[in-house]
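S.K.: Position 127 of the sequence shown, counted from 1, bears residue number 127 in UniProt numbering, the numbering being contiguous throughout.
One structure, as structure tokens, below. Some questions next.
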Amino acid sequence: MGQDQNQRSLIYAFVSRGTVILAEYTEFSGNFNTIAFQCLQKLPASNNKFTYNCDGHTFNYLVDNGFTYCVVADESIGRQVPVAFLERVKDDFVAKYGGGKAATVAANSLNKEFGSKLKEHMQYCVEHPEEISKLAKVKAQVSEVKDVMMENIEKVLDRGEKIELLVDKTENLHHQAGTRLQEFWDQNS
């Protein structure tokens, strides 16, 4: 990817509370901010990730706890870099404005202090795609290991329930044997 193409791979980003944009950043002109805002208005409020494709661009959204993180990217960059960007921005935003600090701020009031953070995250993600890719692989491996561990825990719990059932049956048989033995002694005495 050429330097010019590399610099255009992440084009526009914003953070919003509902449909109120709190901070945004871009170095480019175009109608992508209008399209991004129109998509924002149609997003479900549930926590999730969404991507829309339009005119060679992807409009990537991460909705989390009432806040929406968006980045418009060139389609050629793929999904990993925009998703990693959104995760980084979300973590940074929550660390800085979590706990209700951003619950009542006015539209665009965080542009000055958080717009520069959006720029920093854009630059980092565009300049370090190999690290983003490695991180995505590690996250996938961790997720896979987590799934295997959960499966193993479920098997152990199932075995535990089966063992518990066997112990109950053994105790029941032991009690019945004792009762029968007592009955036998009583009959033969």
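Cβ atoms here follow ideal geometry from the backbone N, Cα and C, with glycine treated the same way.
Can you confirm whether the segment 31-43 touches the segment 116-129 when touching is taken to mean that 3 or more C-beta pairs between the two stretches lie within less than 8 Å?
M.R.: In short, these stretches do not touch, since the Cβ pair count stays below three.
S.K.: Exposed or buried, residue 33, counting other C-beta atoms within 10 Å across all chains shown (16 or more means buried)?
M.R.: Sequence index remark: in the sequence shown, residue 33 carries index 33 (1-based). With 16 or more Cβ atoms within 10 Å of its Cβ, residue 33 is classed as buried.
S.K.: Going by Cα to Cα distance, which pick from 48, 76 and 80 is closest to residue 56?
M.R.: In the sequence shown, the residue the question calls residue 56 occupies position 56. For the residues 48, 76 and 80, the minimum Cα distance to residue 56 belongs to 76.
S.K.: Determine the burial state of residue 45: buried for a count of at least 16 other Cβ atoms within 10 Å of its Cβ, exposed for fewer.
M.R.: For the purposes of this step, residue 45 is taken as the residue at position 45 of the sequence shown. Exposed, because fewer than 16 other Cβ atoms sit within 10 Å of the Cβ of residue 45.
S.K.: Mind checking which residues open and close the alpha helix (DSSP H) that includes residue 77?
M.R.: For the purposes of this step, residue 77 is identified with residue 77 of the sequence shown, where counting begins at 1. That residue, residue 77, is in no alpha helix (DSSP H); it is neither H nor E in DSSP.
S.K.: Have a look at residue 70 and residue 148 and give me their C-alpha separation to the nearest angstrom.
M.R.: Position 70 of the sequence shown, counting from 1, holds the residue named residue 70. Position 148 of the sequence shown, counting from 1, holds the residue named residue 148. Distance between the alpha carbons of residue 70 and residue 148: 32 Å.
S.K.: So for residue 27, helix, strand or coil by DSSP?
M.R.: Position 27 of the sequence shown, counted from the first residue, corresponds to residue 27. In the three-state scheme derived from DSSP, where H, G and I count as helix and E and B as strand, residue 27 is classed as coil.
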